[in-house]
Amino acid sequence: MSDRQKGLNLAYEEQFLSVDARYCCRHIYNNFKSSFPGLLLSNNLWIAAKSYNEKKFNEAIERIKHLNIEAWKFLCKIPKNTWARHAFNIEVKCDHVTNNFTESFNA
């Protein structure tokens, strides 16, 4: 789970060939809301991130597209298997979309 720092992605690729990288949705959200403010956009981002199935994810993404095409493009640039629960690798046993639980170990 990372905050999308480019150095971490390179390290994953070099050191852990079969690792599934994930991004903390809270960090994605912070970047998203600075460019695309609004409660409806934010709520639909979280609905998309936390959806357990592709249908609910697609419904939320379509609402974002309808509200703001640029916000939709922003999210489409991020591979959904790195931030959207429904697209996570099923072999990985953690379905968190934020890094809150890992941050508690850093305290």
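The working numbering runs 50 ahead of the 1-based position in the sequence shown.
Each residue gets a CB set at the ideal place from its N, CA and C atoms; glycine is no exception.
Owing to the predicted nature of the structure, the values given are computational and were not obtained by experimental measurement.
Given residue i as reference, the closest of the options once Cα atoms are compared
i      : options                : result
Tyr102 : Glu141, Ala121, His136 : His136
Residue burial classification, residue i (beta-carbon count within 10 angstroms, cutoff 16)
i      : result
Asn94  : buried
Ile111 : buried
Cys126 : exposed
Ile119 : exposed
Leu91  : buried
First through last residue of the alpha helix (DSSP H) which encompasses residue i
i      : result
Ile111 : 104-117
Asn131 : No alpha helix (DSSP H) holds Asn131; DSSP gives it neither H nor E.
Ala99  : 89-100
Through-space distance from residue j to residue i, alpha-carbon basis
i      : j      : result
Ser85  : Ile78  : 11 Å
Phe124 : Gly88  : 15 Å
Asn139 : Cys75  : 16 Å
Phe82  : Glu109 : 18 Å
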